[in-house]
Each structure stands twice: as structure tokens, then as C-alpha cells.
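Enquirer: What follows is a structure written as C-alpha cells; I'll ask about it next.
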Amino acid sequence: MTREIERTAGIPVAQIATIVPIMLTVGANRIIPGVAIPHPVGNPVLGAEEDKRIRREIVLRALKALSTPIDKQTIFEK
Amino acid sequence: MAYRIVHYINQFYAGIGGEEKAQHMPEMRKGAVGPGVQIEKLLGGLGEIAATIICGDGFYGENTDEARSECLKMIKEARPDIFMAGPAFNAGRYGFACGDLAAAVGEELKIPTVTAMYPENPGVELFSKKTYIVITQDSARGMADAVRKMTEIGLKLLRGEKMGPARLEGYIPRGIRKSFFHEKNGAERAADMLTARLHGLEFRTEYEMPVFNKIEPAPPVKDMTKATIALITSGGIVPKGNPDRIRVSSAESYGAYDISQTDDLTPELYESVHGGYDREWANADPDVVLPLDVMRELEKEGVYAKLHEIFYTTTGTGTAVANAERFGREIGEKLKNAGVDAAILTST
Chain A
1 MTREIERTAG IPVAQIATIV PIMLTVGANR IIPGVAIPHP VGNPVLGAEE
51 DKRIRREIVL RALKALSTPI DKQTIFEK
Chain B
79 MAYRIVHYIN QFYAGIGGEE KAQHMPEMRK GAVGPGVQIE KLLGGLGEIA
129 ATIICGDGFY GENTDEARSE CLKMIKEARP DIFMAGPAFN AGRYGFACGD
179 LAAAVGEELK IPTVTAMYPE NPGVELFSKK TYIVITQDSA RGMADAVRKM
229 TEIGLKLLRG EKMGPARLEG YIPRGIRKSF FHEKNGAERA ADMLTARLHG
279 LEFRTEYEMP VFNKIEPAPP VKDMTKATIA LITSGGIVPK GNPDRIRVSS
329 AESYGAYDIS QTDDLTPELY ESVHGGYDRE WANADPDVVL PLDVMRELEK
379 EGVYAKLHEI FYTTTGTGTA VANAERFGRE IGEKLKNAGV DAAILTST
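Residue numbers (the numbering used here), protein chains in the order written: chain A, 1 to 78; chain B, 79 to 426.
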């Protein structure tokens with residue numbers, strides 16, 4: 001889906017998910033590793049404040065990925 | 079003497095539980111469990127499952143190095159002649175775990191390995207060359223056929239018998255070419271192929287062209303403070319009650335919902351309907367899958383200009399690749415027409 005959206009709209013798509021090898025396989029170009037499969041953007045297990053802080057950090061990383069020029073699939077780690 | 083097999087399955091096929099037990103840590107049990115029982119039966123005394131390794135799909139996906147290492151340790155202890163994993167059918171995390179572990183076992187223990195999945199399972203593209211992946215149906219309806227083929231191929235590998243071409247033996251092609259002398263020379267074969275093609279008759283290529291699924295990365299957003307960003311998810315976040323009846327798996331549709339007046343996804347108004355992960359956290363706070371709350375805050379702070387009024391959602395488990403591609407094209411078209419500059423897509 002990510003790949004087709006990017007190809008059709010010509011806009012960058014940052015994908016946040018946990019299993020990085022799968023994102024590489026399906027062709028996502030801007031990859032942000034998620035926290036865990038059932039909660040990729042945040043960690044509610046650590047409490048509301050930590051969860052929100054982590055969510056912010058990941059989303060900001062995704063926005064940074066969207067602004068970064070790349071020429072191949074790139075994983076944006078912390 | 080009977081062949082010793084070690085078999086890997088997930089928490090579900092071990093009867094431990096469903097998604098809520100996906101964090102089950104690696105364990106070893108003596109003898110056959112779940113589908114292994116049928117494999118052992120089919121072997122009829124030629125082989126026995128010495129041990130079954132069980133691990134939760136979530137645990138393996140999120141702690142792959144640790145899970146692999148733990149499982150390898152247990153597998154080594156059991157001294158197998160062959161390692162089998164699955165069948166995983168179309169379960170993505172399970173297929174990933176089966177393929178990853180089979181590849182590691184093959185490399186470290188230098189024994190034959192066999193697993194089984196549906197061709198669209200992400201485990202196939204990652205591991206088809208590093209193990210033997212038997213082709214299965216997309217669900218456990220195909221269990222009998224899958225374990226039968228796993229056993230047949232397993233026995234062939236154990237006996238060192240000649241393995242035929244993938245399409246005849248029923249496994250995913252591993253990219254290995256075996257040369258042999260054909261009665262006709264290449265020029266004749268090429269002419270035959272061309273003639274067949276011109277007549278609209280069936281022909282089979284001798285060299286499959288690789289399918290390139292990667293695309294050139296789109297250019298980055300130049301000025302984030304002026305950008306409109308859209309949110310999309312395959313984590314199945316929908317308005318409570320799932321008004322458009324998006325399927326919990328094998329989705330045939332996606333939803334488009336207005337969030338222009340929403341600052342935060344709450345469990346009263348939203349839920350997850352994705353059938354392939356433990357929805358406990360998503361249902362307590364859908365923002366952990368679709369980060370609307372944080373996106374709104376960042377919008378108000380001016381980090382980017384505007385959050386697109388509509389979010390798109392579907393369930394990404396057992397999704398036919400053709401459908402996922404179609405959703406992507408349609409959503410891409412809509413985003414393009416709406417002048418959206420970039421998108422964040424979350425997956426579970």
C-alpha cells in the first residue's frame with residue numbers, strides 16, 4: 001500500500017511498523033521502526049506520560065524522514 | 079534408525095492461545111505437538127519428532143535476535159537430522175519466524191530445513207532461497223495438503239534423493255538452476271517459444287525475469303512548516319461499530335473517515351478491528367496505532383501546516399497483495415487530488 005501511494009501520488013510516505021525486514025521486502029522507502037506490533041506508535045505499558053513522549057519522538061522522526069532526501073530504502077532509527 | 083525431527087510452531091498451533099499469548103517466550107516440549115502429530119503419523123515410523131519448539135509470533139517479531147538465539151540453542155540440544163517449521167499459511171509474523179529460524183538452522187547446523195507458506199506470505203520473499211518453502215493454501219483449510227508435502231520433501235532431503243524442479247515438487251522456487259542437455263538446441267527452442275507466443279499458445283520461459291517491487295523514493299517535503307500531511311493505517315482503526323464493515327482479515331475495502339474536528343482518538347468513538355494482533359492497547363487508546371493526538375499537537379505547534387481532514391484505514395492481515403496495491407493506488411489518487419504533500423502510514 002505504502003509503495004503504491006508513493007508511486008501514484010508522487011509524495012513521500014513514512015511507514016512506522018515493527019518488523020523492519022518485512023517493510024524492506026514490501027518496498028517501503030522511508031522506514032521508521034515501531035515500538036511493538038500491537039502498539040507501534042507509543043508504549044502504553046510504560047504509563048501515559050512515557051507513552052505520549054515516545055509517540056511524539058517517533059512521529060517527529062517520521063516527519064524528519066519525510067523531509068530527508070534519500071535514493072534508496074532507508075531505515076530512520078533513533 | 080528413525081530420523082530425528084525438530085519442529086517449530088507458534089503459540090496458536092501449540093494450543094497455548096491466540097493473540098493474547100503472542101508474547102509467549104520460546105519453550106521446548108518433548109515429542110510432537112499440534113500439526114507435528116500429523117507429520118509424525120505420515121512418516122509412519124521412518125521418523126519421529128524428538129522435540130517441538132514453540133514461540134509466540136509477537137515475541138519472535140519484536141525480539142528476533144533473542145528469539146532466534148534461544149530457539150537455536152534448544153534445537154541444537156535436540157540433535158535433529160532435519161528441522162521443520164509451520165505450516166504458516168498466510169500468517170505474516172508466523173511465516174517470518176518460520177523462515178528466519180529455518181534459515182538460521184540450515185546455516186548453523188548444516189541440516190536440511192523445510193517450512194510451508196502461502197506464496198504471498200512476506201516470509202517467502204525473505205527466505206525462499208535459504209530453506210525449502212512448501213506452497214500452501216492461504217489458511218489452515220490446506221493443513222492436510224501442507225503437512226503431506228512437508229513430509230514428502232523432508233524425506234527426500236533426508237535420503238539425499240534428487241530434488242526436482244520447484245513447480246513439480248510443490249515448493250517456492252529457490253533461484254537455483256540445474257543445467258542439462260536438451261535434445262533441441264537453444265535456437266530451436268527460442269524459435270518454438272516465439273512461434274507459440276505469436277499464436278497465442280502457452281509457453282514457458284526458461285529464465286524468469288525478476289519482479290522488481292521497489293520504486294524510486296519520492297522527493298522529500300521541502301518545507302515541512304507549509305506541508306499538509308495525511309495519516310493512514312493498516313492497523314484497522316475504525317469508528318466504533320465499524321460502520322463500513324471492514325473485514326477483520328483479508329480486507330477487500332478500506333475506510334475514509336473525517337477527523338477534521340477530532341484532536342484525539344478515544345475508545346468511546348474508535349476501535350480496532352484488525353484480526354491479526356492483540357487489540358488490547360489499540361482499543362484502550364487508538365492513538366498508539368494511529369497517532370492523531372500527537373499529530374494534532376505538532377500541527378498546533380506549527381511543526382507542519384495541516385493535518386489532512388481524512389484518515390484512511392484498512393486491516394493488514396491476510397490482505398491479498400493485489401488488494402493492498404489497489405487500495406494504495408486509489409488512496410494515492412485521492413491524496414494527489416487533495417494536494418497532500420506527504421503521508422505517515424502505520425502498520426501493526
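A virtual CB, placed ideally from N, CA and C, is assigned to each residue, including glycine. Since we're looking at a predicted model, the values are computed, not measured.
1) Just to confirm my understanding: we take residue 317 of chain B, look at its own chain, exclude 5 residues before and 5 after, and list those with CB closer than 7 angstroms. What are they?
2) Can you find the residues in the same chain that come closer than 7 angstroms, C-beta to C-beta, to residue 154 of chain B, ignoring five residues on each side of it along the sequence?
3) Could you name the residues of the same chain whose beta carbon sits closer than 6 angstroms to that of residue 117 of chain B, not counting the 5 residues immediately before and after it, in chain order?
4) Measuring alpha carbon to alpha carbon, tell me which of B/373, B/350, B/245 and B/375 ends up nearest residue 363 of chain B.
5) Going by other Cβ atoms of all chains shown within 10 Å of its Cβ, with 16 needed for buried, is residue 322 of chain B buried or exposed?
6) For a contact defined as C-beta to C-beta under 9 angstroms, what are the partners of residue 49 of chain A on chain B?
7) For residue 44 of chain A, return the contacting residues in chain B, with the cut-off set at a CB-CB distance below 7 angstroms.
8) Name the DSSP beta bridge partners of residue 334 of chain B, please?
9) Just grab the DSSP bridge partners of residue 350 of chain B for me.
10) Among the residues of its own chain, which have a CB less than 6 angstroms from the CB of residue 111 of chain B, if the five just before and after it don't count?
11) Which term fits residue 309 of chain B, buried or exposed, when burial requires 16 or more other beta carbons within 10 angstroms of its beta carbon?
12) Which first and last residues belong to the beta strand (DSSP E) in which residue 204 of chain B is found?
13) In chain B, what lies closer than 8 angstroms to residue 77 of chain A by C-beta?
14) Roughly how many whole angstroms lie between the Cα atoms of residue 169 of chain B and residue 199 of chain B?
15) Using three-state DSSP, classify residue 254 of chain B as helix, strand or coil.
16) Label residue 49 of chain A either buried or exposed according to how many other C-beta atoms from any shown protein chain fall within 10 Å of its C-beta, with 16 as the threshold for buried.
17) In its own chain, which residues sit with a C-beta less than 7 angstroms from the C-beta of residue 197 of chain B, not counting the 5 before and 5 after it?
Expert: In short:
1) 335, 347 and 348
2) 187
3) 225 and 229
4) B/350
5) exposed
6) Per Cβ cutoff of 9 angstroms: no residues; residue 49 of chain A is ~13 angstroms from chain B at best.
7) 359, 362, 363 and 366
8) B/390
9) B/315
10) 92 and 130
11) buried
12) Careful: residue 204 of chain B lies outside any beta strand (DSSP E), inside the alpha helix (DSSP H) at 200-205.
13) Under the 8 angstroms cutoff, chain B gives no residues; its nearest Cβ is about 15 angstroms from residue 77 of chain A.
14) 7 angstroms
15) coil
16) exposed
17) 213 and 250
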